[in-house]
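Top line first, the protein sequences correspond to chains A and B. In short: position in the first sequence from 1, add 12, done, that's the working numbering. In short: position in the second sequence from 1, add 12, done, that's the working numbering.
There are 2 protein chains.
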Amino acid sequence: MADFIQPRTLKGFRDLSPDQAYRRANLVRALEDVFRSHGYAPIDTPAMEYAEILKGKGGETSDKELFEWTDKGGREVALRFDLTVPLARYVAEHQGKLTFPFRRYHMGPVWRGERPQRGRFREFWQCDADIIGPETATADAEILVLMIDAYAALDVGSVTIRVNDRRVLTGMLDKLGVLDAAVPVLRALDKREKLGDEVSRLEIAEVEGLTESAADRILDLTRKRANDDETLAVLKDAVGDNERGLAGIETLERARELVAAAGKPASSLVIDPGIARGLDYYTGIVLEAQLDALPDIGSVGSGGRYDDLAGLYTKSRLPGVGCSVGIDRLLAALDELEAGGRGAAPAVLVTNPGDERLPEAFRFAAALRAAGISCEVFPDTAKHKAQMRYADKRGIPYVVTPDEGGTFFLKRLSDGATRTCASGADAVGWIAS
Amino acid sequence: MADFIQPRTLKGFRDLSPDQAYRRANLVRALEDVFRSHGYAPIDTPAMEYAEILKGKGGETSDKELFEWTDKGGREVALRFDLTVPLARYVAEHQGKLTFPFRRYHMGPVWRGERPQRGRFREFWQCDADIIGPETATADAEILVLMIDAYAALDVGSVTIRVNDRRVLTGMLDKLGVLDAAVPVLRALDKREKLGDEVSRLEIAEVEGLTESAADRILDLTRKRANDDETLAVLKDAVGDNERGLAGIETLERARELVAAAGKPASSLVIDPGIARGLDYYTGIVLEAQLDALPDIGSVGSGGRYDDLAGLYTKSRLPGVGCSVGIDRLLAALDELEAGGRGAAPAVLVTNPGDERLPEAFRFAAALRAAGISCEVFPDTAKHKAQMRYADKRGIPYVVTPDEGGTFFLKRLSDGATRTCASGADAVGWIAS
Numbered sequence: 013m014a015d016f017i018q019p020r021t022l023k024g025f026r027d028l029s030p031d032q033a034y035r036r037a038n039l040v041r042a043l044e045d046v047f048r049s050h051g052y053a054p055i056d057t058p059a060m061e062y063a064e065i066l067k068g069k070g071g072e073t074s075d076k077e078l079f080e081w082t083d084k085g086g087r088e089v090a091l092r093f094d095l096t097v098p099l100a101r102y103v104a105e106h107q108g109k110l111t112f113p114f115r116r117y118h119m120g121p122v123w124r125g126e127r128p129q130r131g132r133f134r135e136f137w138q139c140d141a142d143i144i145g146p147e148t149a150t151a152d153a154e155i156l157v158l159m160i161d162a163y164a165a166l167d168v169g170s171v172t173i174r175v176n177d178r179r180v181l182t183g184m185l186d187k188l189g190v191l192d193a194a195v196p197v198l199r200a201l202d203k204r205e206k207l208g209d210e211v212s213r214l215e216i217a218e219v220e221g222l223t224e225s226a227a228d229r230i231l232d233l234t235r236k237r238a239n240d241d242e243t244l245a246v247l248k249d250a251v252g253d254n255e256r257g258l259a260g261i262e263t264l265e266r267a268r269e270l271v272a273a274a275g276k277p278a279s280s281l282v283i284d285p286g287i288a289r290g291l292d293y294y295t296g297i298v299l300e301a302q303l304d305a306l307p308d309i310g311s312v313g314s315g316g317r318y319d320d321l322a323g324l325y326t327k328s329r330l331p332g333v334g335c336s337v338g339i340d341r342l343l344a345a346l347d348e349l350e351a352g353g354r355g356a357a358p359a360v361l362v363t364n365p366g367d368e369r370l371p372e373a374f375r376f377a378a379a380l381r382a383a384g385i386s387c388e389v390f391p392d393t394a395k396h397k398a399q400m401r402y403a404d405k406r407g408i409p410y411v412v413t414p415d416e417g418g419t420f421f422l423k424r425l426s427d428g429a430t431r432t433c434a435s436g437a438d439a440v441g442w443i444a445s
Numbered sequence: 013m014a015d016f017i018q019p020r021t022l023k024g025f026r027d028l029s030p031d032q033a034y035r036r037a038n039l040v041r042a043l044e045d046v047f048r049s050h051g052y053a054p055i056d057t058p059a060m061e062y063a064e065i066l067k068g069k070g071g072e073t074s075d076k077e078l079f080e081w082t083d084k085g086g087r088e089v090a091l092r093f094d095l096t097v098p099l100a101r102y103v104a105e106h107q108g109k110l111t112f113p114f115r116r117y118h119m120g121p122v123w124r125g126e127r128p129q130r131g132r133f134r135e136f137w138q139c140d141a142d143i144i145g146p147e148t149a150t151a152d153a154e155i156l157v158l159m160i161d162a163y164a165a166l167d168v169g170s171v172t173i174r175v176n177d178r179r180v181l182t183g184m185l186d187k188l189g190v191l192d193a194a195v196p197v198l199r200a201l202d203k204r205e206k207l208g209d210e211v212s213r214l215e216i217a218e219v220e221g222l223t224e225s226a227a228d229r230i231l232d233l234t235r236k237r238a239n240d241d242e243t244l245a246v247l248k249d250a251v252g253d254n255e256r257g258l259a260g261i262e263t264l265e266r267a268r269e270l271v272a273a274a275g276k277p278a279s280s281l282v283i284d285p286g287i288a289r290g291l292d293y294y295t296g297i298v299l300e301a302q303l304d305a306l307p308d309i310g311s312v313g314s315g316g317r318y319d320d321l322a323g324l325y326t327k328s329r330l331p332g333v334g335c336s337v338g339i340d341r342l343l344a345a346l347d348e349l350e351a352g353g354r355g356a357a358p359a360v361l362v363t364n365p366g367d368e369r370l371p372e373a374f375r376f377a378a379a380l381r382a383a384g385i386s387c388e389v390f391p392d393t394a395k396h397k398a399q400m401r402y403a404d405k406r407g408i409p410y411v412v413t414p415d416e417g418g419t420f421f422l423k424r425l426s427d428g429a430t431r432t433c434a435s436g437a438d439a440v441g442w443i444a445s
């Protein structure tokens with residue numbers, strides 16, 4: 013054996029196969045179309061940033077998971093671990109040139125040195141859309157409509173957006189006289205679905221200053237109800253005249269009204285007082301998206317409102333609201349739903365008829381492509397049988413064989429239907445149908 | 013002043029503004045459509061690889077330019093500097109699962125720690141398409157047709173693909189009895205356009221074993237002629253009965269014939285015996301793409317045939333041919349041609365009519381989007397004048413103002429034309445026209 017370098021990827025990293033990459037590209041394009049249809053413009057930022065830009069923003073966990081090193085010029089650098097910190101840096105750096113309200117989307121890979129586990133990778137994609145500037149329920153509602161439109165454009169079945177407002181939760185705690193306990197309580201609530209009511213209850217009851225009856229009360233107030241009207245009634249009762257709580261409820265009511273005005277089905281949005289989102293920086297609405305067919309796969313998107321995006325880099329206060337679509341979970345869902353297609357193969361293989369008649373094959377293929385039908389000519393000399401085997405292996409649905417005498421023999425592999433055509437243009441109707 | 017972290021990118025790195033990112037996304041999508049129409053399927057590979065995978069393949073220069081470090085698990089890792097080495101690793105690793113001929117495209121960022129200079133960045137995109145397996149002129153011709161189709165799908169005017177075959181050059185040198193000097197001669201030829209005939213001549217004359225008259229002869233044989241027929245006649249004469257040279261000429265003739273059969277204009281392909289391509293691994297055709305409107309911007313794409321893709325990782329010999337479209341140079345060209353559009357703005361702004369009538373605005377916007385018209389509602393309360401100023405600043409062409417009484421006032425900002433509509437659906441014809 014010669015000394016070969018073992019071809020392999022790093023632990024926690026992976027290649028995307030043609031089918032996987034094809035599906036991801038299609039998800040990305042569909043999302044891009046929706047984002048653009050709502051007036052969001054793309055930006056891109058470098059994968060590498062000064063480490064100081066990325067550190068201290070995402071909390072201790074992300075610092076530990078950062079891929080960081082000293083480059084050959086002696087700079088401390090790191091790979092971005094999300095697209096929010098680069099957005100913050102971008103807006104702070106370019107704010108003089110940007111037009112506010114500033115709507116942007118950004119899709120690309122991010123890197124985290126997490127302990128590898130099933131379905132989690134050290135390189136994964138994020139697809140974010142945010143609107144920076146307005147502190148209004150209008151902007152919140154816009155993000156909800158955007159998310160509903162986004163999932164509707166994908167091949168993943170119906171999706172429910174679960175929405176809450178952090179101020180309802182904190183208003184409620186304020187009313188119960190335990191506002192100081194807000195952070196640990198929100199964290200415990202966030203894990204409720206994963207760990208169950210009982211664990212959550214114990215965790216909440218352990219929070220300093222909380223009685224067991226307060227824990228029970230919190231768990232009851234934040235559970236799912238039969239419908240939004242009932243939920244809102246319970247929440248209104250719970251927050252009473254607490255201003256913060258009332259503002260949250262008003263935002264949820266407003267969002268619901270505007271989502272309905274945009275013609276979205278009532279079932280696409282559910283007010284769920286148990287949605288807390290672990291991240292500390294959310295201050296208004298918080299949201300999670302769930303596939304109705306695969307609720308157990310977990311959230312396939314999330315988002316919320318924040319008070320100040322870029323406080324680390326600028327004195328300008330930059331409030332905003334945004335969402336992030338979970339592309340990698342959606343890819344896993346497509347696998348499970350057997351949706352998204354193999355699709356990476358072209359529609360037609362034109363077999364190689366030998367050197368002399370190869371120009372006819374090239375002409376035929378070009379005519380199909382001009383009509384929007386993807387097509388390849390077998391690029392090597394091989395027995396006809398071997399070429400048919402190739403078509404079958406790749407899942408190419410149609411095979412065209414140049415005949416003697418300038419005609420073409422067409423075969424649909426799914427049912428064996430055949431036809432003879434004089435040219436590529438002639439074949440278009442049959443193949444497209 | 014508080015202690016802010018200075019928001020900035022690393023030296024040699026850059027952000028893409030909304031307009032730039034919009035243009036790049038459009039280039040990428042157009043290329044993706046063309047690649048797919050030819051039966052190419054996408055793959056993706058990680059940005060990070062084991063350093064040993066990436067080292068020693070691209071030559072000393074790329075090793076020096078590698079971003080490499082030791083990760084927290086003690087592994088020597090690096091960022092990919094092109095998409096060809098990852099393709100080699102990918103094919104070697106997964107060859108048992110792949111169907112050959114294997115056509116793949118791959119688009120994404122790569123990283124090189126080059127000395128920053130105008131128009132060169134340390135992070136840039138590559139867009140590659142390759143076909144692995146066949147050693148045929150058919151596959152070579154397919155890559156040429158693919159490249160011609162690719163540029164035709166972009167908004168960059170007419171493009172000339174200049175093609176040569178390395179074997180013609182080496183056959184010619186063989187015939188002159190100076191085959192040993194092939195590598196330095198090819199390198200000198202490669203720089204001819206940049207440095208001029210005289211410098212090239214001196215460089216060639218300095219190659220060991222070459223007389224000045226041989227240098228003159230090489231320069232003469234490899235200069236551009238009036239047309240391909242003349243070029244081919246000169247080259248045939250020069251290679252005589254040299255087998256390698258004849259194989260090269262036959263490939264060029266075949267490629268020309270098949271490109272014409274695919275209906276491509278004769279002007280899109282030119283045989284240019286001076287094209288050498290500096291990279292050592294090309295063994296057959298070599299090609300470069302040039303914008304007819306901006307020849308001085310340099311090559312906007314290149315490619316060629318190689319004997320063995322993945323010899324470092326596997327004993328399987330994997331010949332192939334491929335091309336790489338220079339996205340970043342094309343973006344610079346779009347800037348210079350003032351093409352590609354600003355485009356990142358939506359078609360319509362619906363102004364914010366105040367809380368009470370906001371649902372009407374959301375309904376109107378949804379109807380436009382359903383008809384494929386991009387649209388945003390101003391998400392904040394602001395004077396009507398300020399909202400108009402925003403539309404103007406972002407370059408939004410239409411503004412819709414919800415009127416009292418349920419109608420909508422439409423204005424086209426380019427010419428001030430106006431209209432009144434009852435609903436979004438009602439407005440579609442006028443806005444789309």
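Note that beta-carbon positions come from the ideal geometry of N, C-alpha and C, so glycine has one too. The model shown is predicted, which means the values in this text are computed figures rather than measured ones.
Beta-carbon neighbours of CYS335(A), restricted to chain B and to distances below 7 Å: Sequence index remark: in the first sequence, residue 335(A) carries index 323 (1-based). Going along chain B, no residue has its Cβ under 7 Å from CYS335(A), so there is no contact; the nearest lies around 14 Å.
TRP123(B), buried or exposed, once every other Cβ within 10 Å from all chains shown has been counted against 16: Walking along the second sequence from the start, residue 123(B) turns up at place 111. By the neighbour-count criterion, in which 16 or more other beta carbons inside 10 Å mark a residue as buried, TRP123(B) falls on the buried side.
Cβ of ARG487(A) within 9 Å of any chain B Cβ: Nothing can be reported for residue 487(A), as the shown portion of chain A is limited to 13 through 445.
Proximity winner among VAL271(B), SER328(B), PHE136(B), ARG199(B), relative to VAL175(B) (alpha-carbon distances): Within the second sequence, numbered from 1, the residue matching residue 175(B) stands at position 163. Closest by alpha carbon: VAL271(B).
Members of the stretch 192-212 of chain B that neighbour chain A once the beta carbon cut-off is set at 7 Å: none
Proximity winner among PRO307(A), LEU349(A), LEU201(A), ILE283(A), relative to ASP167(A) (alpha-carbon distances): Residue mapping note: residue 167(A) aligns to position 155 of the first sequence, counting from 1. Closest in C-alpha terms to ASP167(A), from the list PRO307(A), LEU349(A), LEU201(A), ILE283(A), comes LEU349(A).
Contact set between VAL452(A) and chain B, taken where Cβ atoms lie within less than 8 Å: No statement about residue 452(A) is possible, as the shown extent of chain A runs from 13 to 445 and does not include it.
Residue-level contact to chain A via CB, THR295(B), 9 Å cutoff: Position 283 of the second sequence, counted from the start, is the residue given in the question as residue 295(B). No, because no Cβ of chain A sits closer than 9 Å to the Cβ of THR295(B).
Which of helix, strand or coil DSSP assigns to ARG431(A): The residue given as residue 431(A) occupies position 419 in the first sequence. Three-state result, ARG431(A): strand.
Short CB-CB distance (under 9 Å) between GLU265(B) and chain A: Working through the second sequence from its first residue, we reach residue 265(B) at position 253. No, GLU265(B) does not count as interfacial toward chain A.
Among TYR102(B), VAL46(B), MET60(B), the one whose alpha carbon lies nearest that of LEU330(B): For this step, residue 330(B) is matched to residue 318 along the second sequence. Ranking the options by Cα distance to LEU330(B), first place goes to TYR102(B).
Closer than 9 Å to chain A by CB, HIS396(B): The residue given as residue 396(B) occupies position 384 in the second sequence. Cβ-Cβ to chain A under 9 Å: no for HIS396(B).
CB contact below 9 Å: LEU28(A) versus chain B: Within the first sequence, residue 28(A) is the residue found at index 16, counting from 1. With 9 Å as the cut-off, LEU28(A) counts as an interface residue toward chain B.
Coil, strand or helix - ILE17(A) by DSSP: Translated into the one-based positions of the first sequence, residue 17(A) becomes position 5. ILE17(A) falls in the coil class under three-state DSSP.
Beta carbon proximity, TYR410(B) to chain A, threshold 9 Å: Taking the first residue of the second sequence as position 1, residue 410(B) is located at position 398. Answer no: the Cβ-Cβ gap between TYR410(B) and chain A never drops below 9 Å.
Exposed unless 16 or more other CB atoms sit within 10 angstroms - verdict on HIS396(B): If you number the second sequence from 1, residue 396(B) lands on position 384. So HIS396(B) counts as exposed.
Cβ of ALA444(A) within 9 Å of any chain B Cβ: To locate residue 444(A), count along the first sequence from 1; it is residue 432. Closer than 9 Å: no.
Test: ILE385(A) CB closer than 9 Å to a CB of chain B: Here the question's residue 385(A) lines up with position 373 in the first sequence. Yes, ILE385(A) lies at the interface with chain B (some Cβ there is under 9 Å from its Cβ).
Partners in chain A for ASP427(B), counting only beta-carbon separations shorter than 9 Å: In the second sequence, residue 427(B) corresponds to position 415, counting from 1. Neighbours of ASP427(B) on chain A: none; closest Cβ ~22 Å, over 9 Å.
The stretch 318-325 of chain A / the stretch 364-378 of chain A touching (three or more Cβ pairs under 8 Å): no
Amino acids of chain D, ordered along the chain, whose beta-carbon sits closer than 8 Å to that of ALA434(B): No chain D appears in the structure shown, which is made up of the protein chains A and B.
Through-space distance from LEU95(A) to MET13(B), alpha-carbon basis: In the second sequence, residue 13(B) corresponds to position 1, counting from 1. In the first sequence, residue 95(A) corresponds to position 83, counting from 1. Low local confidence applies: a pLDDT of 49 at MET13(B) is under 50, so the model's placement there is unreliable, with the coordinate-based value given in what follows. If I take the Cα positions, the gap works out to 27 Å.
Below-9 Å beta-carbon distance, MET13(A) vs any chain B residue: Walking along the first sequence from the start, residue 13(A) turns up at place 1. Reliability fails at MET13(A), whose pLDDT of 49 lies under 50, so the model's placement of it is uncertain and the value that follows must be treated cautiously. MET13(A) counts as touching chain B.
Best match in CYS387(B), PRO196(B), THR223(B), ASP83(B) for proximity to VAL157(A) [C-alpha to C-alpha]: For the purposes of this step, residue 157(A) is identified with residue 145 of the first sequence, where counting begins at 1. Checked all of CYS387(B), PRO196(B), THR223(B), ASP83(B); the closest Cα to VAL157(A) is CYS387(B).
Contact set between LYS84(A) and chain B, taken where Cβ atoms lie within less than 7 Å: On the first sequence, position 72 is the one that residue 84(A) refers to. Against LYS84(A), the close residues of chain B are GLY125, in the order they occur along the chain (beta-carbon pairs closer than 7 Å).
Where ASP415(A) falls: helix, strand or coil (DSSP): Residue 415(A) sits at position 403 when you count from the first residue of the first sequence. Reduced to three states, the DSSP call for ASP415(A) is coil.
Span separating the alpha-carbon of ASP427(B) from that of ARG35(B): Here residue 427(B) refers to the residue found at position 415 of the second sequence. Here residue 35(B) refers to the residue found at position 23 of the second sequence. About 26 Å.
Contact the stretch 294-313 of chain B vs the stretch 334-342 of chain B: 3+ CB pairs below 8 Å: yes
Contact list for the stretch 38-55 of chain B against chain A, Cβ threshold 7 Å: ARG41, GLU44, ARG48, SER49, HIS50, GLY51, ALA53, PRO54, ILE55
CA-to-CA distance, ALA200(B) to THR182(B), given in whole angstroms: For the purposes of this step, residue 182(B) is taken as the residue at position 170 of the second sequence. For the purposes of this step, residue 200(B) is taken as the residue at position 188 of the second sequence. Rounded to the nearest angstrom, the two C-alpha atoms are 14 Å apart.
Within chain A, the residues that VAL4(B) reaches when beta carbons sit closer than 7 Å: Given that chain B is displayed from residue 13 to residue 445, the structure contains no residue 4(B) and the question cannot be resolved.
For ASN176(A), the residue or residues it bridges with in DSSP: In the first sequence, the residue the question calls residue 176(A) occupies position 164. In DSSP, ASN176(A) forms a bridge with VAL298(A).
Sub-9 Å separation of ILE143(A) and GLU154(A) beta-carbons: Within the first sequence, residue 143(A) is the residue found at index 131, counting from 1. Within the first sequence, residue 154(A) is the residue found at index 142, counting from 1. Their beta carbons are under 9 Å apart, which means ILE143(A) touches GLU154(A) by this criterion.
Residues that LEU324(B) contacts on chain A, provided the C-beta gap is smaller than 8 Å: For this step, residue 324(B) is matched to residue 312 along the second sequence. Those within 8 Å of LEU324(B) in chain A are PHE16, ILE17.
Presumed contact (8 Å Cβ cut-off) between PHE390(B) and ALA274(A), rounded CB distance: The residue given as residue 390(B) occupies position 378 in the second sequence. The residue given as residue 274(A) occupies position 262 in the first sequence. At roughly 15 Å, the Cβ-Cβ gap does not stay under 8 Å, so PHE390(B) and ALA274(A) are not in contact.
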